[in-house]
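Protein chains: 2
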Amino acid sequence: MSTAIKAVQPAVPRFLAADEFSRECVEFFGETVQLFGFGPPSIGEIYGLLYASQEPLSFSDIFERLDISKGSASQGLNLLRSLGAVHTVAPVDANGRREYFSPELSLRKLLRGVLDERVSPLAGKSAGRLARLRELADWAGGRERKFRLSRVQQLETWRRRLKAVMPVLIALLGPKSKK
Amino acid sequence: MSTAIKAVQPAVPRFLAADEFSRECVEFFGETVQLFGFGPPSIGEIYGLLYASQEPLSFSDIFERLDISKGSASQGLNLLRSLGAVHTVAPVDANGRREYFSPELSLRKLLRGVLDERVSPLAGKSAGRLARLRELADWAGGRERKFRLSRVQQLETWRRRLKAVMPVLIALLGPKSKK
DNA sequence: CGAGAAGTTCAAGAACAAATGAACAAAATG
DNA sequence: CATTTTGTTCATTTGTTCTTGAACTTCTCG
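Each protein sequence line maps, in turn, to chains A and B.
Residue numbering for the first sequence follows our numbering, beginning at 1 and increasing consecutively.
Residue numbering for the second sequence follows our numbering, beginning at 1001 and increasing consecutively.
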C-alpha cells in the first residue's frame, strides 16, 4: 500500500511528499548537497526528509515517501551513516522494521563527519605529493631550482594554513558543544 | 610544429609536459580542483602548468603542452580569469600572440574569487528558501508548528554562522595582505 | 523450520558533465 | 585588402556518476 501522494507542482514531479514543508526541506538539502558535492543529491533528500520529521522514520517510509528505489535509499543511508549525518534508533514498536532513522542536528558534528571522511584522507596523499615536488625542484639547477623551491615552499605554507584553519572553523561553527 | 613530448609514464599518458616538475604540478592542481569541485579538472591543470612556469605562457603554450583542445583551453582560461585565478599580461615580444597568462599566487585572492563567484550567489537563493520554509512552518498547528519553527530557526542559525565565518576564514588564510 | 517481509548488492541503463573539433570571428602580417 | 594566424563558440562525442531493478541475503514470527 503505497501511500505516496503525487506532488501537484508542475516543476519537480520527483518528490511525492505528504506535505509542503517536508517537500521544501527535501529540495533544500538536496540542492545543498548537490552544490557542495558531498555525494549524490539523493542523500541530501533523505536527510531533508528526516530533518522535516518530528519522529524517526523507517527505511520504507524513506524510499516510499521520496519515491526512490530501495537501492538508492539503502546506499544513501549507509553513506549518511558513515558521515555521521543520520543515526539509527532501535525500533520502538518492534514491528518487523529493523531500525528507524533520525538526523544529526549538530552542525559541528555534521562538519566533523565530512571533514574526517572527505578531506582528512586527502591530507596524507597531498603530503606525499609535496615531498615529491620538493625532490623534483631540487634536481634543477641555478635560477630554475630557486624558483621551484620557492613555489614548493608556498604550497607547503598553503597546506599548513589550511590545516591550521580546520579546528578554528569547527570551533566557530559548532554550538558550545552539545551533550 | 608541435613540440609536445609524449610522456613516457605508463600511468597517465594524458599530459605531455616538458619536465617532471610541471607534470607533477599539473596533476596536483588537477586533482585538487576535482576534489573540491570548483569546476572541470582541466582548469586545475591549466593553473598547475602556469604555476610551474617562471614566465607567463601564451595560449598556444597551454593547449599544446597540456595536449588539450583549443576549445577546452579557451573555456578554461576564461573561467580561471572570472575566478581571478589567472591574469593576463600584455605580450612582451608582440609576436602575433595577443596575451600571456600568469597565475594568481595570493591564497587570499584565490579564495575570494571562489567565494564571490560560487558561494555568494547561493546566499540570496537560500535566504528566499528559508523565508518560504518559515511561512510553511507557520501554517501548521500546535505541536507540529512549534517543531517546524524550531527547525527553521536552526537553519537560520546555521546560515548566520556560515556567513559570519567566511570573513574570518579569509582573514586567517590570506597573507598579511600583499600589495 | 519455512514463508514472507526487510534490507543489501551490483550489473545495466539513464542522466549529467566535460572535452573535442570544426565552423566562425578577430587580429596581425605583409 | 588578402592571407595567415590567433582565439572563440557551440553542437556533438566521450566519459563519469547516479539511479534503478532484480537477484540475493538476513531477519522476523508463526
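Beta carbons are placed, not taken as given, at the ideal position from N, Cα and C, and that holds for glycine.
Put simply, of B:A1131, B:S1126 and B:L1111 the residue whose alpha carbon is nearest the alpha carbon of B:L1169 is B:L1111.
Your pair B:G1084 and B:K1125 does not check out as a contact, with CB atoms roughly 22 Å apart and the cut at 8 Å. Residue contact with chain A for B:R1065: absent (no Cβ-Cβ distance below 8 Å to any residue of chain A).
Against chain A, the beta carbon of B:Y1051 has neighbours under 8 Å at R151, listed in chain order. With contacts defined by Cβ atoms closer than 8 Å, A:I43 and A:I62 do not form a contacting pair. Take the alpha-carbon of A:E64 and the one of B:F1036: they are about 33 Å apart. Below the 7 Å Cβ cutoff, chain A contributes E24 as neighbours of B:R1132, in chain order. Interface annotation for the region 1158-1172 of chain B against chain A: W1158, R1161, L1162, A1164, V1165, V1168, L1169 and L1172, criterion Cβ-Cβ distance under 8 Å. The three-state reading of DSSP puts A:V92 in coil, since its state is none of H, G, I, E or B. In the DSSP annotation of this structure, the continuous segment of the alpha helix (DSSP H) that includes B:P1121 starts and ends at S1120 to W1139.
Not one beta carbon of chain A lies nearer than 8 Å to the beta carbon of B:G1113.
In the three-state DSSP reduction, B:S1102 falls in the strand class (E or B). Nearest neighbour of B:V1026 by Cα position, chosen from A:E104, A:L133, A:A140 and A:R160, turns out to be A:L133. Residue contact check for A:E156 against chain B: no CB pair falls below 8 Å. At least one CB of chain B lies nearer than 8 Å to the CB of A:E144. For A:L57, the pairing in a beta bridge is given by DSSP as A:F101.
Burial of B:G1039 is indicated by the presence of at least 16 other C-beta atoms within 10 angstroms of its C-beta.
According to the DSSP assignment, B:F1038 belongs to no alpha helix (DSSP H), since it is labelled neither H nor E. Just so you know, the alpha carbons of A:Q75 and A:S69 end up roughly 10 Å apart.
For B:F1059, the closest Cβ of chain A is not nearer than 8 Å. Rounded to the nearest whole angstrom, the C-alpha separation of A:M166 and A:S120 is 10 Å.
Scanning chain B for C-beta atoms nearer than 8 Å to the C-beta of A:Q54 yields R1143, E1144 and F1147, reported in chain order. Rounded to the nearest angstrom, the Cβ distance from B:Y1051 to B:F1029 is 7 Å, consistent with a contact under 8 Å.
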